[in-house]
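This report refers to the structure that appears directly beneath it.
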Amino acid sequence: MNGAHFVVKALQQQGVEQVFGYPGGAIMPVYDALYDCGVDHLLCRHEQGAAMAAIGYARSTGGVGVCIATSGPGATNLITGLADALLDSVPIVAITGQVATPLIGTDAFQEVDVLGMSLSCTKHSFMVQNAEELGSVITQAFEVARSGRPGPVLVDIPKDIQLAEIEHECIKHMVAKPEAPQADEIAAAKALLAAAEKPLLYVGGGVTLADAESQLRDFLAVTEMPSMTTLKGIGTIAPEQTGFLGMVGMHGTKAANFAVQEADLLVVAGARFDDRVTGKLDEFAVNAKVIHLDIDAAELGKLRQPDVAISADLKQVLPQLAQTLSIAPWQAHCTQMKQDFGWRYDHPGEAIYAPLLLKQLSDLAPKHTVVTCDVGQHQMWVAQHIEFDSPKDHLSSSGLGTMGFGVPAAVGAQVARPEDIVVAVSGDGSFMMNVQELGTIKRRKLPVKILLIDNQRLGMVRQWQKLFFEGRYSETILTDNPDFVNLAKSFDIPGETIVVKEQVEPALQRMLNSEGAYLLHVAISEEENVWPLVPPGAANDKMMEDCES
Amino acid sequence: MIHHLEITTRHTPEVLERVLRVIRHRGFSVQTLQTQLDEANAQVHLQVTVASTRALPLLTTQLAKLVDVNSVTGLSQVTTEQKLA
Chain A
1 MNGAHFVVKA LQQQGVEQVF GYPGGAIMPV YDALYDCGVD HLLCRHEQGA AMAAIGYARS
61 TGGVGVCIAT SGPGATNLIT GLADALLDSV PIVAITGQVA TPLIGTDAFQ EVDVLGMSLS
121 CTKHSFMVQN AEELGSVITQ AFEVARSGRP GPVLVDIPKD IQLAEIEHEC IKHMVAKPEA
181 PQADEIAAAK ALLAAAEKPL LYVGGGVTLA DAESQLRDFL AVTEMPSMTT LKGIGTIAPE
241 QTGFLGMVGM HGTKAANFAV QEADLLVVAG ARFDDRVTGK LDEFAVNAKV IHLDIDAAEL
301 GKLRQPDVAI SADLKQVLPQ LAQTLSIAPW QAHCTQMKQD FGWRYDHPGE AIYAPLLLKQ
361 LSDLAPKHTV VTCDVGQHQM WVAQHIEFDS PKDHLSSSGL GTMGFGVPAA VGAQVARPED
421 IVVAVSGDGS FMMNVQELGT IKRRKLPVKI LLIDNQRLGM VRQWQKLFFE GRYSETILTD
481 NPDFVNLAKS FDIPGETIVV KEQVEPALQR MLNSEGAYLL HVAISEEENV WPLVPPGAAN
541 DKMMEDCES
Chain B
1001 MIHHLEITTR HTPEVLERVL RVIRHRGFSV QTLQTQLDEA NAQVHLQVTV ASTRALPLLT
1061 TQLAKLVDVN SVTGLSQVTT EQKLA
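This is the structure:
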């Protein structure tokens, strides 16, 4: 068996059934091994698409995503996807071909120092030095990718090692031991909880990464404390949970942003005080003590000094902290704020109102529909107006904010979950960033639905230009967009354009009920903006609201 | 403030780049650096002096996460001005 066949066998031993990639010269032996091995390879039309499809696959299932590319430009094209996976803690194993060992460092054709480039955008990376270490490297790559705080791992394999004959060896799967919390830390946290009058649970993506959603929901059932999530935490808490205030931060709900400023205790579970959550950090939750729970010790005290810090597996910590609390006045206050500041959809005129459109999608889509997003205004509208019952159903590039994420992530999610409806909500700017992946949808005949919200602008940048740059709309006007419906048609994807409110519901029904892929192109006004908004440098309770109304 | 770090890592070709990248990215600048390979050619011992206005744990916790790093210990040197203050 040569090294390439060994790599494929090693992937199979890790339970990999699906990979995404794009072939090229330095990875050809691996593609030869993939040809008839039983591992399903989906050809994406750009390596960035392959990386993001692997992310969609991983995030919609909780498993590890695998992508493959050749050396040089193939590897550089993966980099944005790897950075996205690093910022959102997604377990990805990326395999790249490299020029043969004797040519490394000679500026050979399609040679680039991928290991060097990977240092800042992966959790770890390997360049395989000899054929004998292939087995242990692949095993370590999967172990590192999924253990502790998950993340992307790159394995760069020179072509001569792919072609070298090696003995088959048994690959052992190591299982990392979850870290257990200390008894004194638990006792200190429980004492803070018992003393709090206005405790608030702040939930991030780490809860799902720890597979601790049910433990979190049990914790809420016992404590009945008010709660809020980050963008990545959306879906972790059931939308109907009493005292759940929605998303906190720059485009969070008024109830969550007011509550966090009033709270006297924050219980932070798998979140990291990101600047899009906190606004002005030294004015964030100034009245609150902090219990910070995270598997990654480097997050504890990085931005906000906690009163109690517990670096451990959330699955173990949360049940130990659960206790009944006497906080009735605070619960009533938060419930009242949620009621007082609920979303309103009574928008005047015939033009389609994006928040209402997404609310209608939320109401019409069956349970377990996966929604992927691109980045910008539509991404925030999705976060605000679609209700999710699982974070695996809401795939949004949160940390890196990668435009072009939505369509390839939907490809990965649809492959992973063929029985579920997958909707990619995109904007006209983002959609064009990875539009080539329509070719992947066509190739596999994937029934991905695309809801393209088109304001002929780079809407979020335009919104900031309007608010903070005196309306100087520098390079954000996209009135020269292509005919999106015809573009989709050329990939055998049917579609339609809608422009007024009364068209929305039947069009959404047609999209959701279509057997195959579908593009619903929605024209909206460029004047629609995302509200509320915590302006840069302000505290979270200093929210701006619609200045037009 | 000046901090002294003692770091033991697995000996890999790129390990020094990894460590130095994290030091720079997390807001610390290298003042002095000594590296020593052990006799078995398996581990590298680094002695690094770094300067930063940031607290040392912000760096040591990030270094400790590197897969190749076996141990990190840090010592912060208090300057004369800080002692007087």
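Protein chains in written order, with my numbering: chain A, 1 to 549; chain B, 1001 to 1085.
Even for Gly, the Cβ is constructed at its ideal location relative to N, Cα and C.
When you compare the CB positions of residue i and residue j, do they come within less than 8 Å of one another, or not?
i	j	result
A/L192	A/V16	no
A/A51	A/G97	no
A/A263	A/N287	yes
A/L318	A/E224	no
A/A141	A/P91	no
A/I186	A/C121	no
B/R1010	B/N1070	yes
A/V268	A/L293	yes
A/A297	A/Y57	no
A/P152	A/L86	yes
A/V530	A/H333	no
A/A188	A/M228	no
Please report the straight-line C-alpha distance between residue i and residue j, rounded to a whole angstrom.
i	j	result
A/Y345	A/A54	36 Å
B/G1074	A/L119	23 Å
A/F258	B/T1035	52 Å
A/M543	A/M247	14 Å
A/G235	A/W330	23 Å
A/E387	A/R272	23 Å
A/D156	B/Q1077	40 Å
B/L1033	A/D275	33 Å
A/T106	A/D374	39 Å
A/N77	A/Q14	25 Å
A/P239	A/G439	36 Å
A/Q377	A/Q463	9 Å
A/E165	A/A131	8 Å
B/L1058	A/G270	18 Å
A/S549	A/P355	Caution applies to A/S549, whose pLDDT of 44 falls short of 50 and renders its modelled position unreliable; the value that the coordinates give is listed next. Approximately 15 Å between the Cα atoms of the pair.
A/R457	B/V1022	38 Å
B/A1085	B/M1001	With a pLDDT of 48 at B/A1085, under the threshold of 50, the modelled position of this residue cannot be trusted; read the value that follows with caution. Going by the C-alpha atoms only, they are around 14 Å apart.
A/V448	A/T476	28 Å
B/N1041	B/Q1031	26 Å
A/A538	A/K280	5 Å
A/A410	A/K501	26 Å
A/P366	A/W343	22 Å
Since I believe residue j is in contact with residue i (beta carbons under 8 Å), could you give me their beta-carbon distance rounded to a whole number of angstroms?
i	j	result
A/P23	A/N2	Actually they are not in contact, since the Cβ atoms of A/P23 and A/N2 sit about 17 Å apart, beyond 8 Å.
A/V425	A/G406	7 Å
A/L512	A/S396	Actually they do not touch by this definition, with Cβ atoms about 20 Å apart.
A/L265	A/A196	4 Å
A/D557	A/K315	Outside the shown range of chain A (1 to 549) lies residue 557 of chain A, about which nothing can therefore be said.
A/V522	A/I453	5 Å
A/R403	A/S430	For clarity, residue 403 of chain A is Met in the given sequence; the question names Arg instead. Between A/S430 and A/M403 the Cβ distance is about 4 Å, and since that is below 8 Å, they are a contact.
A/G471	A/Q465	6 Å
A/G21	A/H41	6 Å
Ordered along the chain, which non-local residues of its own chain (more than five positions away) have a Cβ less than 8 Å from that of residue i?
i	result
A/A33	N2, A4, H5, V7 and V8
A/V302	Residue 302 of chain A is actually Lys in this sequence, not Val. Excluding residues within five positions, the ones whose Cβ falls inside 8 Å are R272 and F273.
A/E213	V207, T236, S390 and P391
A/A10	L134, G135, I138, T139 and I171
A/L364	E505, L508, Q509 and L512
May I ask you to list the residues that DSSP assigns as paired with residue i?
i	result
A/T229	A/V203 and A/M247
B/H1004	B/T1049 and B/L1075
A/E165	A/N2
A/H124	A/V153
A/E496	A/L520
A/M544	A/L533
A/H368	Paired residue(s): none; A/H368 is not in a bridge.
A/G97	A/I157
A/A54	Beta-bridge pairing links A/A54 to no other residue.
A/R457	A/I477
A/V425	A/C373 and A/L451
A/V290	A/L266
A/D40	A/Q18
Within a Cβ cutoff of 6 Å, which residues of the same chain sit near residue i, ignoring the five residues on either side of it in sequence?
i	result
A/S125	L115, S118 and L154
A/N455	I524 and E526
A/C37	V8
A/I27	T70 and G97
For residue i, which residues of its own chain have a beta-carbon under 7 Å away from its beta-carbon, when the five flanking residues on both sides are left out?
i	result
B/E1006	Q1047 and T1073
A/D552	Given that chain A is displayed from residue 1 to residue 549, the structure contains no residue 552 of chain A and the question cannot be resolved.
A/D541	N257, F258 and Q261
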